[in-house]
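Chemist: Under our numbering, the first residue of the sequence shown carries the number 13, and numbering increases by one thereafter. Pasting in a structure now, in C-alpha cells, and then I'll have a few things to ask.
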Amino acid sequence: MKVTLCTYNIHSWVGRGGKYDPDLTVQVVSEIHADIYALQEFQTCSPDLKMVTWIGKQTGL
C-alpha cells in the first residue's frame, strides 16, 4: 500500500507576490494529488468565512 503525504505552508493565503490569493493555494493543492495533506499557517481571515470548508469544496477533498 502506498500513501502520499503533502505538507504545505500556505503562508496565510499570501502568494509569492505578497498578494492575498486563496485561489492559488487551491490550484497548488489540487495539482499535488496526495492522500493526506498537512497545511501550515492555515489562517481564517474572517470569522464569517469558513476557510476549512471552503478549501475542501474548492479542491473536492
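For each residue, glycine too, the CB sits at the ideal point set by N, CA and C. Quantities reported herein were computed from a predicted structural model and do not represent experimental measurements.
Quick check: the Cα distance between Ser42 and Tyr20, rounded to an integer number of angstroms?
Modeler: In a straight line, the C-alpha of Ser42 is about 12 Å away from that of Tyr20.
Chemist: So, are the CB atoms of Val15 and Ile48 less than 8 Å apart?
Modeler: Closer than 8 Å, so yes.
Chemist: With a CB to CB cut of under 8 Å and the five nearest residues on each side skipped, what residues in its chain are close to Thr2?
Modeler: Lying before the first or after the last residue shown, residue 2 is absent from the chain, which here runs from 13 to 73.
Chemist: In its own chain, which residues sit with a C-beta less than 6 Å from the C-beta of Ala50, not counting the 5 before and 5 after it?
Modeler: Excluding residues within five positions, the ones whose Cβ falls inside 6 Å are Thr19.
Chemist: Given this structure, state the Cα-to-Cα distance separating Tyr32 from Lys69, to the nearest angstrom.
Modeler: If you take the alpha carbons of Tyr32 and Lys69, they lie about 19 Å apart.
Chemist: To the nearest angstrom, how far is it from the Cα of His23 to the Cα of Ile67?
Modeler: Their backbone Cα atoms lie some 15 Å apart in a straight line.
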